[in-house]
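A.B. asks: Let me give you the structure first, and then I'll get to my questions.
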Amino acid sequence: MNSSPDSRQQIKPPSLEIIAQDQSLVVINKPAGLLVHRSAIDFHEAYNAQEILQTQIDHEVFPVHRLDKPTSGVLLFALNKKTAAAMAVKFQRHEVHKTYIAIVRGYADDTGCVDNPVRDKDAPDKPRKPAVTHYKTLARIALPLPVDQFPEARYSMVQLEPESGRRHQLRQHMKHISHPIIGDTSYGKTVHNRFFKQHLTCARLLLHARSLRFTHPHSDKTISLTASYDSQLRQVIDLPQWRRTSEVSS
């Protein structure tokens, strides 16, 4: 049944966690499954982060970057058009350092770099765009349960640092090196997604925008922002079987 405007208004929107706010910027921890802004592709969605935040702080906000709907984590909005334009330039010039945490299939190398053009899923006939992602494995886990044709389930917790900001870049790059992100219904493997849903009660894309670092557009101050993990991702990260190569803080 399609939702009418009246029925959408009857759904209570979630409250967003505000990480930081000043006179020109506001930063939230976007929940997995929430759109950044209204989209023609997902027209049926009742709410999006931009509209919820505007109501929550009673002020117009302007998104300056994007996170995929199923991705959680640090999301930055400007409180005026001047700041939005200034931040857009910083993103275009790669002056914003972004760090993501993901759970991927298999044992990934300790470190690596994926330099491979990516394709826009909604425009497959257009040329691929250059994209670079650096990764580091933080921990590995082996669960004594069979999955696919293997007697145990092996996964890695990785830190991802994209130089570019292409749509679905991290998801395509991890698939490219045969370590797709768990919960990815577009580029992942169904048997592993089902394993996490059945055995760990975790049905979301396990990709989290952990931190942003940049110079404030109206000062020389360095801004570092970190988004906490939600309950589903937290329970996976807290599994005692992880063999850590680097500590992951709460």
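So in my numbering, spot 209 of the sequence shown is number 1398, and the numbers just go up one at a time.
All residues carry an ideal CB built from backbone N, CA and C; glycine is no exception.
(1) With a threshold of 6 Å on Cβ separation, who are the neighbours of T1300 within its own chain once the five nearest residues in sequence on each side are excluded?
(2) State the beta-bridge partners of H1388 as determined by DSSP.
(3) Cβ of L1395 within 7 Å of Cβ of G1372?
(4) Let me know the secondary structure DSSP gives H1323 once reduced to three states.
(5) Would DSSP call H1405 helix, strand or coil?
(6) Can you give me the Cβ contacts of V1208 inside the same chain, cut-off strictly under 8 Å, excluding the 5 residues immediately before and after it?
(7) Quick one: using the 10 Å Cβ neighbour count with 16 as the cut-off for buried, is D1304 buried or exposed?
(8) With 16 as the cutoff for other CB atoms within 10 Å, does H1283 come out buried or exposed?
(9) Please report the Cβ distance between A1328 and R1433, rounded to the nearest whole angstrom; I am assuming they are in contact, meaning their Cβ atoms lie under 8 Å.
(10) Taking DSSP's pairing of strands, which residues face F1339 in a bridge?
(11) Does the pairing of the stretch 1349–1357 with the stretch 1317–1324 give three or more beta-carbon distances under 8 Å?
(12) Relative to the C-alpha of E1341, which candidate in Y1296, V1425 and R1227 has its C-alpha closest?
(13) How would you label D1260, buried or exposed, when you count the other beta carbons within 10 angstroms and need 16 or more for buried?
(14) Using CA coordinates, which residue listed in N1269, D1257, K1386 and D1419 is at the minimum distance from F1251?
(15) Output needed for K1386: all residues of its chain with C-beta closer than 7 Å, excluding positions within five of it in sequence on either side, in chain order.
(16) I need the boundaries of the beta strand (DSSP E) containing Q1210, first residue and last residue.
(17) Looking at the secondary structure, which residues open and close the alpha helix (DSSP H) in which L1422 lies?
(18) With a CB to CB cut of under 6 Å and the five nearest residues on each side skipped, what residues in its chain are close to K1258?
(19) Which of the three DSSP states, helix, strand or coil, is assigned to Q1348?
(20) Run through DSSP, which three-state label would H1226 get?
C.D. replies: By the coordinates alone:
(1) These residues qualify, in order along the chain: K1325.
(2) Beta-bridge pairing by DSSP links H1388 to no other residue.
(3) Yes, they are a contact pair.
(4) Secondary structure at H1323: strand, using DSSP grouped into helix, strand and coil.
(5) Assignment of H1405 by DSSP, reduced to helix, strand and coil, places it in the coil class.
(6) Reading off the sequence shown, one finds Ile at residue 1208, where the question assumed Val. A distance below 8 Å between beta-carbons, with the five flanking residues on each side excluded, links I1208 to the following residues of its chain, in chain order: V1216, I1217, N1218, V1263, L1414, T1415 and A1416.
(7) Exposed, by the Cβ-count rule.
(8) Answer is exposed; the Cβ neighbour count stays below 16.
(9) Sure, about 4 Å apart at Cβ, within 8 Å.
(10) Per DSSP, the beta bridge partners of F1339 are V1336.
(11) With the cut-off at 8 Å, the stretch 1349–1357 and the stretch 1317–1324 touch.
(12) When each option's Cα is compared against that of E1341, the closest is Y1296.
(13) According to the sequence provided, residue 1260 is Thr. The question's Asp does not apply to it. Buried is the call here.
(14) Comparing Cα positions, the closest option is N1269.
(15) Taking C-beta separations shorter than 7 Å and ignoring five residues to either side along the sequence, the partners of K1386 in its chain run A1392, following chain order.
(16) Residue range E1206 to Q1210 is occupied by the beta strand (DSSP E) that includes Q1210.
(17) Run containing L1422: S1420 to I1426, per the alpha helix (DSSP H) assignment.
(18) Scanning its chain for C-beta atoms nearer than 6 Å, with the 5 sequence neighbours on each side dropped, one finds around K1258 the residues L1224, in chain order.
(19) The answer is strand: DSSP assigns Q1348 an E or B state.
(20) Coil, per DSSP.
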